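Novice: First the structure, then my questions, so here it is.
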Amino acid sequence: MKVTGTLVNYYFHCKRQCYLFGNRMNLEDNSEEVKIGKALHEERAEHGNTEISIDNIKLDKLTTEYLTEIKKSDADAEAAKWQLLYYLKVLNEKGVVRKGKLEFVEKNKNNKKTVIIELTEDIERELDMYICEIQELLEQDETPPVLNKPKCRKCAYYDYCYI
């Protein structure tokens with residue numbers, strides 16, 4: 064399976080979730096958290112901001128300076144950062160060089176948190192290593208263990224892991 068931005072995000076969030084999703088076990092259609100994220104994207108689309116699909120990635124917003132990824136919270140900023148770096152790498156390979164912008168749109172907050180990211184050669188080498196690790200993870204015969212962290216309660220795979 065070809066690595067996607069979602070798989071990169073899940074790899075940093077939870078290797079078990081990455082493995083299950085990458086092996087075509089999609090439980091996200093029943094998740095309230097995922098529905099909220101999709102609603103955020105639909106709301107932005109109503110205001111003229113639509114997703115752009117390129118190969119195996121979907122970009123939230125692309126301008127002459129930035130590739131912007133929008134997240135509903137900064138609960139897992141590290142996972143979001145690597146997902147955006149993956150998108151920047153895919154664009155770079157197509158000759159489109161941009162800086163990355165992560166926008167965290169917290170509910171019930173008036174301001175949003177924004178983080179600017181650049182894909183350097185060192186970071187790209189590290190990302191390439193993670194991509195190889197993800198591919199190896201997806202080829203394993205056994206599902207990684209459950210994390211048993213508080214964030215598991217909000218995960219789309221909670222029922223699969225705990226019930």
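Just so we're aligned, residue 64 is where the sequence shown starts under the working numbering, counting upward by one. All residues carry an ideal CB built from backbone N, CA and C; glycine is no exception. Remember, predicted model here, so these are calculated numbers, not experimental data.
Considering only residues of the same chain and omitting the five flanking positions on each side of C77, which have a CB-CB separation below 6 Å?
Specialist: Within the sequence shown, residue 77 is the residue found at index 14, counting from 1. Excluding sequence neighbours, C77 sits near L210.
Novice: Which of helix, strand or coil does DSSP assign to Y223?
Specialist: As a working mapping, residue 223 is identified with position 160 in the sequence shown. Of the three classes helix, strand and coil, the one that applies to Y223 here is helix, per DSSP.
Novice: In or out: I180 buried (at least 16 other Cβ within 10 Å) or exposed?
Specialist: Residue numbering aside, residue 180 sits at position 117 when the sequence shown is read from its first letter. By the neighbour-count rule (16 or more Cβ atoms within 10 Å), I180 is buried.
Novice: Leaving out five residues on either side along the sequence, give the residues of the same chain with a beta carbon under 6 Å from the beta carbon of D137.
Specialist: Indexing the sequence shown from 1 puts residue 137 at position 74. Closer than 6 Å at the Cβ level, and outside the excluded window around D137, lie F167 and K176.
Novice: Rounded to whole angstroms, what's the CA-CA distance from Y150 to E169? Just pull it up for me.
Specialist: The residue labelled residue 150 in the question sits at position 87 within the sequence shown. The residue labelled residue 169 in the question sits at position 106 within the sequence shown. So the alpha carbons of these two residues sit roughly 22 Å apart.
Novice: Have a look at T206 and C81 and give me their C-alpha separation to the nearest angstrom.
Specialist: Looking up residue 206 in the sequence shown gives position 143. Looking up residue 81 in the sequence shown gives position 18. Their Cα atoms are separated by approximately 10 Å.
Novice: Suppose you measure from the CA of L122 to the CA of Q146; what does that come to, to the nearest Å?
Specialist: Counted from its first residue, the sequence shown places residue 122 at position 59. Counted from its first residue, the sequence shown places residue 146 at position 83. Computed Cα separation, rounded: 11 Å.
Novice: Taking all protein chains shown into account, do 16 or more other C-beta atoms lie within 10 angstroms of the C-beta of G85, making it buried, or fewer, making it exposed?
Specialist: In the sequence shown, counting from the first residue as 1, residue 85 sits at position 22. Answer is buried; the Cβ neighbour count reaches 16.
Novice: Tell me which residues share the same chain as A108 and place their Cβ nearer than 6 Å to its Cβ, disregarding the 5 neighbours each side in the sequence.
Specialist: Taking the sequence shown and counting its residues from 1, one reaches residue 108 at position 45. Any reading at A108 must be qualified, since the residue scores a pLDDT of 47, below 50, and its modelled position is unreliable; the value itself is stated next. The answer is none, since no qualifying residue turns up.
Novice: Take N72 and list the residues in its own chain whose beta-carbon comes closer than 6 Å to its own, dropping the five residues that flank it on each side.
Specialist: To locate residue 72, count along the sequence shown from 1; it is residue 9. A142 and Q146.
Novice: By alpha-carbon positions, which one of K144, K134 and V160 ends up nearest to T126?
Specialist: Walking along the sequence shown from the start, residue 126 turns up at place 63. Of the listed residues, the one whose Cα sits closest to T126 is V160.
Novice: Round the Cβ separation of I120 and V153 to the nearest angstrom and send it over; I've been treating them as touching at under 8 Å.
Specialist: Taking the first residue of the sequence shown as position 1, residue 120 is located at position 57. Taking the first residue of the sequence shown as position 1, residue 153 is located at position 90. I120 to V153, Cβ: 5 Å. Contact.
Novice: If you reduce the DSSP assignment to three classes, tell me which class L122 lands in.
Specialist: Taking the sequence shown and counting its residues from 1, one reaches residue 122 at position 59. If DSSP states are grouped into helix, strand and coil, L122 belongs with the strands.
Novice: Could you compute how far the alpha carbon of P213 sits from the alpha carbon of D118?
Specialist: As a first step, residue 213 must be located in the sequence shown, where it is residue number 150. As a first step, residue 118 must be located in the sequence shown, where it is residue number 55. So the two alpha carbons sit approximately 34 Å from each other.
Novice: Taking 8 Å as the limit between beta carbons, can you name the residues of its chain near L83, skipping five residues before and five after?
Specialist: To locate residue 83, count along the sequence shown from 1; it is residue 20. Once the five neighbours on either side are set aside, the close Cβ partners of L83 are L90, T206, Y220 and Y223.
Novice: Is it the case that the Cβ atoms of Y74 and Y193 are separated by a distance below 9 Å?
Specialist: Along the sequence shown, one-based indexing puts residue 74 at 11. Along the sequence shown, one-based indexing puts residue 193 at 130. Cβ atoms of Y74 and Y193: closer than 9 Å.
Novice: Apart from the five residues just before and just after I186, which ones in its own chain have a Cβ nearer than 8 Å to its Cβ?
Specialist: Your numbering for residue 186 matches position 123 in the sequence shown. Correct list, in chain order: L148.
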